[in-house]
Every structure is written in structure tokens, then in C-alpha cells.
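Take the sequence shown: its letters are residues -7 to 205, numbered as in our numbering.
Scroll down for the structure; my scribbles are underneath it.
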Amino acid sequence: MSDTAHIPNEAETRTRWGNFAWTQANAAIADGIIARYPPGRQQSAVMPLLDLAQRQVGAETTTQGWLPVPVIEFVATLLGMPYMRAYEVVTFYTMYNIAPVGRYHVQVCGTTPCLLRGSDDVLAACKNKGLSKGKTTPDGMFTLTEVECLGACANAPMVQINDDNYEDLDYDKTIAVLDALLHDLPTKPGPQIDRQTSCPEGGPTTLKEMAGA
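This is the structure in C-alpha cells:
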């Protein structure tokens, strides 16, 4: 498929990441994560450890991070579990990247509520800023992925960019967010219209005295 991310050559990947190990700080974090689980249940730590590993790869590459095969193997070995079980976790959840991504991973929700509220306009804005699904821009700044429900249906359409959600988008608001990120300007995650979290647009309409208390 044309929008499938490109996974690097395995030999190159093993050359770069074959000796992956925690940084001193992350080793302490990993120990703390594993300690949350009772003896014999350490494999339950696979998800937070994979996330930690992805973040370390991101810090080393100045990107949002991804999980090369040797890194997944490292986590699996640490937890005493078969590599394939860890790989199944990585490929099931879109929070994990199985191929390199840019500094900002733009994940556009294309599920029905977002589609009905204008996710096509969000994708059009991304396209007109040079983003293509499954690809990273030549400057390494953005990778675009279309994903399924991200759980903010009341504020559709929305995108997740790294750890932040941007909601209540339209074409112009999407352009503004991308431009701000491109130029290292501050952005405001969450709703991009006048509402608090998922409250009605424009503020409360009932119990106003209590809301202002």
C-alpha cells in the first residue's frame, strides 16, 4: 500500500540498534515500572517498557521515536517473553511506531464521527502542507498517519500529534497548528474553539451560578 510506512533494511537496523541499552535514567525508570507487578507477572510491564524504549529512540534521533526490531527484542528479553509476543503488542497499538517517523507524528482520526465532522478537510490541510500518508516530509519534521478512533468523538475532527490532541479542527485551524510546530512556536492542545474540554461550545447553558462558583 502506498501509505504504508517504510521499514528500514534489517541489516542497517541491527547495525544501528543492535546494542541498544537503557540510559542510566531510563534503567531506573524501567526498574520502577517492573516493580509495580508481582513476582512472575513482570511481562505485564511490556507496554510501558515499549513506550519507554520508543521515547529513548526518539530522544536519540530527535524524532517522536520508533521501535526497531533489536529494541523490541531487548524489551522482550528483559521481561523473559518471546519476541513475537512483544511484537504483537507493537503492531496492535498505534501508539507504537514500527518504522521511523519525523519529529512530529501527525495521526489523523478517520473514523466515522471525525469523517462526518470534516476529517477530510484536516487531511487536505496536511496534504497542502506537504504531508503524505505513511511518509515523512523531506525535512524530517512531520510523518502523517490515518488512524482509527482516538477517543475524542465529541470534539471531532481531531488529530494526535506526539503526546497531544488537537480537537475541533477545520482546514484553517489544522494549517495553523502545523505552521506553529514547523516554526517552533507554542501551540494550544485540546479544543481549538471556545469550549472547556468536551463541554458545550460557548460555555455552560445551565447551572451557571454553580459553574462560576
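Quick reminder that beta carbons are idealized off the backbone N, C-alpha and C, glycines included.
Given this structure, state the Cα-to-Cα distance separating residue i from residue j, to the nearest angstrom.
i      : j      : result
ILE153 : HIS97  : 5 Å
LYS121 : ALA27  : 45 Å
ILE185 : CYS106 : 16 Å
GLY132 : GLY94  : 5 Å
ASP160 : ASN11  : 43 Å
VAL139 : THR104 : 12 Å
VAL114 : LEU174 : 17 Å
ILE25  : THR69  : 16 Å
GLY143 : VAL151 : 11 Å
THR5   : GLU193 : 48 Å
ALA45  : VAL67  : 8 Å
LYS125 : MET73  : 33 Å
LEU108 : ASP171 : 25 Å
GLN188 : ALA3   : 49 Å
PRO199 : CYS191 : Reading off the sequence shown, one finds Leu at residue 199, where the question assumed Pro. Each residue's alpha carbon lies about 13 Å from the other.
ASP43  : GLU201 : 43 Å
ALA168 : ALA117 : 10 Å
GLN48  : VAL81  : 18 Å
THR179 : THR166 : 11 Å
ALA51  : GLN35  : 25 Å
ILE90  : GLY102 : 20 Å
GLU65  : GLY32  : 19 Å
ALA13  : ASP23  : 13 Å
GLN99  : ASP155 : 11 Å
ALA17  : TRP58  : 19 Å
Nearest to residue i by alpha carbon, out of the options?
i      : options                           : result
THR15  : LEU41, GLY143, ILE185 and PRO196  : LEU41
PRO92  : ALA19, PRO0, PHE66 and ASP156     : PRO0
LEU123 : TYR75, LEU136, ASP112 and GLY132  : LEU136
THR129 : GLN35, THR55, ALA146 and PRO31    : THR55
SER111 : PRO149, ASP171 and PRO192         : PRO149
ASN157 : ALA51, ASN147, GLY182 and PHE134  : GLY182
ASP176 : PHE134, LYS119, HIS(-2) and GLN99 : PHE134
ARG8   : MET76, PRO196 and PRO62           : PRO62
Bridge partners of residue i, per DSSP?
i       : result
GLY182  : TYR158
ILE(-1) : Answer by DSSP bridge pairing: none, since ILE(-1) is not bridged.
ILE153  : VAL98 and ASP156
Which class does residue i belong to by DSSP, given the choice of helix, strand or coil?
i       : result
GLU138  : strand
CYS101  : strand
LYS125  : strand
VAL93   : coil
THR189  : coil
TYR163  : helix
PHE84   : helix
LEU108  : helix
TYR79   : helix
SER(-6) : Low local confidence applies: a pLDDT of 48 at SER(-6) is under 50, so the model's placement there is unreliable, and no value is given.
PRO40   : helix
ASP131  : coil
GLN35   : helix
GLY50   : helix
ASP176  : coil
GLY24   : helix
PHE66   : helix
LEU59   : coil
ASN18   : helix
ASN120  : helix
- Task: Inspect the CB distances between the segment 83 to 94 and the segment 34 to 48 and report whether three or more fall short of 8 Å.
- Result: yes
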